[in-house]
Amino acid sequence: PDGSTLKALELVTGCYVLVQGNTVSVMGPHKGVKDARKVVLDCMKNVHPVYNIKRLMIMKELAKDEKLKDEDWSRFLPSVEKKNVSTKKPKKTREKKAYTPFPPAPTPSKVDKQLDSGEYFMSERARKAKKLAEKVQVSQKKAKEKREAREKEFEAPPSRKDNEKKSAGSEKDRRKEEEGLDLKALKGKFEKASKKRKATESIENMEDVVQGGIVSGNNSDAVSEKKERKSKKKKKEKKKKRDA
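If you want it as structure tokens, here you go:
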């Protein structure tokens, strides 16, 4: 502020510095001009000149000291860290269109539009009538929309009973759906059970048939044995009578 940075630079470097717009001119000893040039270039690279001026002042003081004259001064000098400053990006980026050697088509004029629609060949009276009809149509549409909006304001909000009915209806539908699902499941279960029952009954009938055949066979054997015994007894009795 008030050219204090410029004055400090002039005192440190021992040069005359003049700034005019984007141009900086320096006059002085060779070493001072080199230091001033470095400060100006760093300033262009977004590094504040105060850091470089401070560095030059420390170097000047160290040069006066005879002990530290020939030593490394890097431990005494301040280090400047580079920071990435975010630059503003353009808000709208235009997309590059494909190159065409032909110029764009001219925009149709009022007369061209009238020729396309056929209005150009109509009389003045017919044109006015057409415009009037279009205006009336637009106004009617707007009036209808406004009327509907007003009617909506006077519509009564849904009462509690209506809400309850709706909720009851939805619950009934849900129950019906659940019952329908249950009925389907039950039907499937009954069908499976009936199939199993039929299978068991057929197996039992087969067993009965087999057992019946075996029993009938046994009965016939017993009857034949009895008949043979009776015939033998009769024969014995006849022999006894003959012998007597």
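Per this note's numbering, residue 4 is the first one in the sequence shown, and the count goes up by one each step.
Note that the Cβ used here is the ideal one computed from N, Cα and C, for glycine as well.
Keep in mind that this is a model prediction, so the values were computed, not measured.
Given a cut-off of 8 Å on the beta-carbon distance, is the pair C18 and V29 in contact?
As a working note, residue 18 is residue 15 in the sequence shown. As a working note, residue 29 is residue 26 in the sequence shown. Closer than 8 Å, so yes.
To which residues of the same chain is L65 closer than 6 Å at the C-beta, ignoring the five residues directly before and after it?
As a first step, residue 65 must be located in the sequence shown, where it is residue number 62. Cβ neighbours of L65 beyond the five flanking positions: L71 and W76.
Beta-carbon proximity of I56 to V15, cut-off 8 Å:
Translated into positions along the sequence shown, residue 56 becomes position 53. Translated into positions along the sequence shown, residue 15 becomes position 12. The answer is yes: Cβ separation under 8 Å.
Applying the criterion that 16 or more other CB atoms from any shown protein chain within 10 Å of the CB defines a buried residue, is D115 buried or exposed?
For the purposes of this step, residue 115 is taken as residue 112 along the sequence shown, with counting starting at 1. With fewer than 16 other CB atoms across the displayed protein chains lying within 10 angstroms of its CB, D115 is exposed.
Below 7 Å CB to CB, which residues in the same chain sit around M60 once its five sequence neighbours on both sides are set aside?
Walking along the sequence shown from the start, residue 60 turns up at place 57. The residues V15, in chain order, have a CB closer than 7 Å to that of M60 in the same chain once the five nearest residues on each side in sequence are set aside.
Skipping 5 residues on each side, what residues in its chain have a beta carbon closer than 7 Å to that of I217?
Along the sequence shown, read from residue 1 onward, the residue named residue 217 stands at position 214. With a pLDDT of 45 at I217, under the threshold of 50, the predicted position of this residue should be treated as unreliable, though the coordinate-derived value follows. Taking I217 as the centre and dropping the five residues before and after it, the same chain places no C-beta closer than 7 Å to its C-beta.
Hey, A39 and L80 are a contact pair by Cβ (cut 8 Å); roughly how many whole angstroms apart?
Counting from 1 along the sequence shown, the entry for residue 39 is found at position 36. Counting from 1 along the sequence shown, the entry for residue 80 is found at position 77. So it is not a contact: roughly 18 Å between Cβ atoms.
Let me confirm a value: G35 is counted as buried when at least 16 other C-beta atoms fall within 10 Å, else exposed. Which label applies?
In the sequence shown, counting from the first residue as 1, residue 35 sits at position 32. Taking every protein chain shown into account, the CB of G35 has 16 or more other CB atoms within 10 angstroms, so this residue is buried.
Tell me Y19's beta-bridge partners as DSSP assigns them.
Numbered from its first residue, the sequence shown carries residue 19 at position 16. Beta-bridge pairing links Y19 to M30.
For N25, report the span of its alpha helix (DSSP H) as first-last.
For the purposes of this step, residue 25 is taken as the residue at position 22 of the sequence shown. From DSSP, N25 is part of no alpha helix (DSSP H); its letter is neither H nor E.
For the alpha helix (DSSP H) that contains K80, what are its first and last residues?
Stepping through the sequence shown from its first residue, residue 80 is reached at position 77. Per the sequence presented here, residue 80 reads as Leu, with Lys not at that position. DSSP places L80 outside any alpha helix (DSSP H), giving it a letter other than H or E.
So, helix, strand or coil for N55, using DSSP?
Taking the first residue of the sequence shown as 1, we reach residue 55 at position 52. The answer is helix: DSSP assigns N55 an H, G or I state.
Can you tell which of E127, V139 and P52 has its C-alpha closest to the C-alpha of L9?
Indexing the sequence shown from 1 puts residue 9 at position 6. When each option's Cα is compared against that of L9, the closest is P52.
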